[in-house]
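**Student:** Following this message is one structure expressed as C-alpha cells.
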Amino acid sequence: NPTILKDYSIDGHFRDARMIGDYAYFVTNSNVDHQYPRLPVIMEDSVRIMTPEAFYFDNVEQFSNFNTLTAIDIFGDTINSETFLMGYTGSFYVSEDNFYLTYQQNTPFGFYENSSRDRFFDVIVPLLPNDIQDEIKSIQNDSSLSSSVQWTKISELMQDAYNEMDKSEKEKLFEKIKDALNEYDRKIQEDTRKTIIHKISIDDDKIEYVAKGTVPGRLLNQFSMDESGDRFRVATTAEIYTQYEGTIRSNAVYVLNEQLEIVGELEEIAPDESIFSTRFIGDRLYMVTFQQIDPFFVIDLSSDTPKILGELKIPGFSNYLHPYDEEHVIGVGRDTKEIENGRVQQLGIKIALFNVADVSNPKVLDDIVIGDSSTQSEALYNHKAFFFDKSRDVLSIPISADIESLEITTSSKMFAPEYNRWSGFYVFDLNKSDGISTKGTITHSDSDSRYYGMNNARTFYIDDVLYTASQGFLKMNSFEELDEINSIQLEKTGKFIEYFEAEEASILVEPVSEPEVSP
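Everything in the sequence shown is counted per this note's numbering, starting at 1 for the first residue and increasing by one.
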C-alpha cells in the first residue's frame with residue numbers, strides 16, 4: 001500500500017539524478033527569458049518553498065540556461081538548491097563529493113562573420129606585395145566609404161594585382177595562402193571546439209561551486225570522465241575541418257587538478273579515429289577507438305603523465321565497456337568486416353571478453369556475435385540496459401532483430417509478423433574460465449503485437465528469479481534454466497494498468513536485489 005510522503009516539484013526539464021547516502025540530487029534545466037527573467041522555483045505540495053540563489057560567471061555565454069542542482073533528504077525535511085547560469089549541460093560525472101557538469105563550448109553570435117574578415121586581413125593580406133598591402137590599408141581606413149564599397153574597391157585592386165602576375169608568381173602566392181589559411185583554420189577550431197567542465201562540491205545538503213576548466217575536444221559520455229583522489233581525468237575526441245585537409249580527428253587523455261587546470265596529457269591517440277567507448281578502472285583507462293578496425297588501448301594513469309601500455313587491433317568496435325575483474329573487461333558493440341574501397345560494413349551485436357592481465361599484450365579471451373546488421377540493442381547506447389551478475393556468471397541484454405538473422409534457442413519463436421521482427425532478451429553464461437556461451441532467450445513479442453523495439457528494457461533479479469521488462473511485457477524466468485514462471489502483458493495505451501481491487505486479489509511485493517553497477 002504505497003503512500004506519498006513528500007511531493008516536491010522543481011522548475012525545468014529533468015536532466016539527471018544521483019542518490020548518495022540519504023540524499024537524492026537532481027539536475028534540472030530551464031530556459032532563460034532575457035526580456036522577463038524568472039528564476040526557477042521549488043514547490044512542496046503546490047506551495048512555493050524556495051527560490052534558489054542564482055550564480056553567473058564573467059563573460060556570460062550567449063547560449064545559456066538555468067542549471068539547478070537540488071539536494072533532498074529523503075528521510076527528513078532538509079532541502080537545498082542552487083541555480084547556475086551556464087551552457088546547456090551535456091554529460092555528468094558524480095563522485096561522493098563532487099558534481100561535474102559538462103557541455104560543448106558555444107560559438108558566439110557573429111563569430112563566423114568576424115572570422116571571415118580576420119582570415120582575409122590577418123592571414124591573406126600580409127602575404128601580398130607591400131604596395132598592395134598599403135593600398136588595402138588605405139581603403140580600409142577610409143571612414144567615408146561604406147563596408148560594401150570598401151570590399152568592392154579591395155576586390156578590384158586584388159583582381160588587377162592578380163592579372164599582373166605571371167604563372168609562377170600566382171602558384172607561389174596560392175601555395176603560401178593555402179598553407180597560412182590551413183594553419184589559421186586549425187588554430188581557430190582548436191580554440192573554439194572545447195569542452196567546458198564545472199565542478200560543484202556536495203556534502204549532504206551543502207552545495208558549493210568550486211571551479212571551471214576547459215579541455216580540447218568533446219566527451220563521449222559519463223564514462224569519459226573519472227575522479228581519483230585530487231585528480232580528474234577525461235578522454236576526448238577532437239574533430240576539426242579545414243578547406244584543404246578535410247576532417248582531422250585525434251583523441252587525447254587529460255589530467256586535471258582540483259581547480260580543473262590541466263596538469264598532464266596524452267594527445268594524438270589513434271589519429272583519424274573517434275572514441276567509441278572508455279572505462280576508467282583504478283589507475284588504468286581502457287579505450288576503444290574506431291574507423292576500420294577496433295583498437296583497444298590500455299592506458300596507464302598512475303601519474304600525471306598518461307602513457308599507452310598496450311594495444312589490440314581486432315575487427316568491430318565496443319560501445320560499452322564493463323569491468324569483470326582486475327584482469328578482464330567485457331565489451332558490447334558490433335562486429336564489422338571490410339568491403340570494397342576500404343569501406344566497413346557493420347554486422348551483428350558483438351560481446352567480447354578482454355584479458356588485460358598482460359597490459360602490454362591485451363587479448364580477446366572469447367567473443368560471440370548475435371544476428372546481423374539488422375540487430376539492435378539498447379545496451380549499445382544506454383548502460384542501464386546491460387545486466388551482469390558476476391556471482392552467477394550471467395549477462396543479459398535486450399535484442400531486436402529480423403527473425404531470419406537469429407537462432408532462437410527456446411521453443412517460443414513468436415514475433416511481430418507485420419514487421420518480421422523478434423524482440424526479447426539474450427541471456428549468456430560468461431566467466432573467465434569458460435568464456436561466453438548463449439544460455440537462452442526470453443521472448444518479449446507475440447503474434448498479435450506490433451513492432452515497438454526494445455527501448456527502456458531492463459533486467460533484474462529477486463532471489464532465484466530473473467525478471468525482464470520491456471514496453472510490452474514483464475516476465476519472470478528461473479535463473480538457472482530460464483523456464484518461464486509468469487508473464488504480464490503491459491498495455492500499450494499509455495494509460496495506467498487497471499489492477500484487481502484489494503479484496504479480489506492480494507499482491508506480494510518483495511524487495512528487489514540488483515547487482516552493483518557503476519553509475
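Glycine included, every Cβ here is placed at the ideal spot set by N, Cα and C.
Can you grab the Cα-Cα spacing for the pair I339 / D304, in whole Å?
**Tutor:** Distance between the alpha carbons of I339 and D304 is about 41 Å.
**Student:** What residue range is occupied by the uninterrupted beta strand (DSSP E) comprising E208?
**Tutor:** K206 to P216 is the span of the beta strand (DSSP E), which, as asked, contains E208.
**Student:** Please return the same chain residues whose Cβ sits closer than 6 Å to the Cβ of Y254, not counting the five positions on each side in sequence.
**Tutor:** So the qualifying residues of the chain are V215, V234, I262 and E265.
**Student:** Output the distance between the C-alpha atoms of K307 and L365, rounded to the nearest integer angstrom.
**Tutor:** Their backbone Cα atoms lie some 24 Å apart in a straight line.
**Student:** Cβ atoms of E135 and N182: under 8 Å apart, would you say?
**Tutor:** In this structure, E135 does not lie closer than 8 Å to N182 by Cβ.
**Student:** Taking the DSSP output, what are the residues bridged to P323?
**Tutor:** Looking at the DSSP assignment, P323 forms a beta bridge with V329.
**Student:** E96: which of P52, S46 and I20 sits nearest, CA to CA?
**Tutor:** Measuring from the Cα of E96, the nearest candidate turns out to be I20.
**Student:** Would you tell me roughly how many angstroms separate the C-alpha atoms of L173 and L127, rounded to the nearest one?
**Tutor:** When rounded, the distance between both Cα atoms is 8 Å.
**Student:** Kindly list the residues whose CB is nearer than 6 Å to the CB of D429, restricted to its own chain and excluding five residues on each side of it in sequence; keep chain order.
**Tutor:** D393, S437 and K439, listed in sequence order.
**Student:** Below 8 Å, how does it come out for the region 84-100 and the region 199-211: are there three or more Cβ pairs, yes or no?
**Tutor:** These segments touch.
**Student:** Nearest-angstrom Cα distance between L474 and L5?
**Tutor:** Roughly 27 Å between the two C-alpha positions.
**Student:** Return helix, strand or coil for K170, following the three-state DSSP convention.
**Tutor:** Correct three-state label for K170: helix.
**Student:** Mark N361 as exposed unless 16 or more other C-beta atoms lie within 10 angstroms of its C-beta, in which case mark it buried.
**Tutor:** Exposed, because fewer than 16 other Cβ atoms sit within 10 Å of the Cβ of N361.
**Student:** If you draw a straight line from the alpha carbon of V298 to that of D283, how long is it in whole angstroms?
**Tutor:** Cα to Cα, the separation comes out at about 10 Å.
**Student:** Is F223 closer than 8 Å to T278 when the C-beta atoms are compared?
**Tutor:** Going by C-beta atoms, T278 is nearer than 8 Å to F223.
**Student:** Taking the beta strand (DSSP E) that K363 falls in, what are its first and last residues?
**Tutor:** Looking at the DSSP string, the run of the beta strand (DSSP E) that includes K363 is K363 to I370.
**Student:** Leaving out five residues on either side along the sequence, give the residues of the same chain with a beta carbon under 6 Å from the beta carbon of A352.
**Tutor:** For A352, where only same-chain residues beyond five positions count, the Cβ hits under 6 Å are G331, V364 and D367.
**Student:** Tell me whether the beta-carbon of T83 lies closer than 8 Å to the beta-carbon of N67.
**Tutor:** In this structure, N67 lies closer than 8 Å to T83 by Cβ.
**Student:** Report the CB separation of T89 from V27 in whole angstroms; it is logged as a contact under 8 Å.
**Tutor:** Right, the Cβ-Cβ distance comes to about 7 Å (below 8 Å), so this counts as a contact.
**Student:** Cβ atoms of I10 and I49: under 8 Å apart, would you say?
**Tutor:** No, the Cβ-Cβ distance between I49 and I10 is not below 8 Å.
**Student:** V329 and G348 look like a contact to me (Cβ under 8 Å); what is the Cβ gap, rounded to whole Å?
**Tutor:** The pair is not a contact, with the Cβ atoms about 20 Å apart (cut-off 8 Å).
**Student:** Classify G356 as buried or exposed, calling it buried when 16 or more other Cβ atoms lie within 10 Å of its own Cβ.
**Tutor:** Note that residue 356 is Val in the sequence shown here, rather than Gly. The residue in question, V356, is buried, as its Cβ has 16 or more Cβ neighbours within 10 Å.
**Student:** At the level of alpha carbons, what is the spacing between I177 and R119?
**Tutor:** Those two C-alpha atoms are separated by around 10 Å.
**Student:** What does the alpha-carbon distance come out to for the pair Q346 and D335?
**Tutor:** Rounded to whole angstroms, Q346 to D335 spans 6 Å at the Cα level.
**Student:** If you draw a straight line from the C-alpha of S411 to the C-alpha of H322, how long is it?
**Tutor:** Because S411 carries a pLDDT of 38, less than 50, the predicted location of this residue cannot be relied on, and no value is offered for it.
**Student:** Sort T237, Q243 and E258 by Cα distance to V288 and report the nearest one.
**Tutor:** The residue with the shortest Cα to Cα distance from V288 is T237.
**Student:** Report, in whole angstroms, the separation of the C-beta atoms of N80 and D205, which I expect to be a contact under 8 Å.
**Tutor:** 4 Å between Cβ atoms; contact.
**Student:** Report all residues from its chain with a CB closer than 6 Å to the CB of N221; omit the five preceding and five following residues, and keep chain order.
**Tutor:** Correct list, in chain order: S91.
**Student:** For the beta strand (DSSP E) containing A401, list its first residue and its last residue.
**Tutor:** Here the beta strand (DSSP E) through A401 covers V394 to D402.
**Student:** When the Cα of F290 is compared with those of P271, M454, G217 and F479, which residue comes out closest?
**Tutor:** Closest by alpha carbon: P271.
**Student:** Could you check where the beta strand (DSSP E) with D203 kicks off and where it finishes?
**Tutor:** K194 to D203 is the span of the beta strand (DSSP E), which, as asked, contains D203.
**Student:** Between the alpha carbons of E326 and R193, how many angstroms are there, rounded?
**Tutor:** Approximately 35 Å, taken between the alpha carbons.
**Student:** Give me, in chain order, the residues of the same chain whose beta-carbon lies closer than 7 Å to that of P240; leave out the 5 immediate sequence neighbours on both sides.
**Tutor:** Note that residue 240 corresponds to Ile in the displayed sequence, not to Pro. So the qualifying residues of the chain are R186, Q189, E190, R193 and I248.
**Student:** Quick one: residues in its chain with C-beta nearer than 8 Å to the C-beta of S115, no 5 flanking neighbours on either side, listed in chain order?
**Tutor:** Answer for S115: I188, listed in chain order.
**Student:** Measure the CB-CB distance between L256 and G213 and report whether it falls below 8 Å.
**Tutor:** Yes, they are a contact pair.
**Student:** Thinking C-alpha only, which one of E164, D389 and R117 is nearest D464?
**Tutor:** Of the candidates E164, D389 and R117, the one whose C-alpha sits nearest the C-alpha of D464 is D389.
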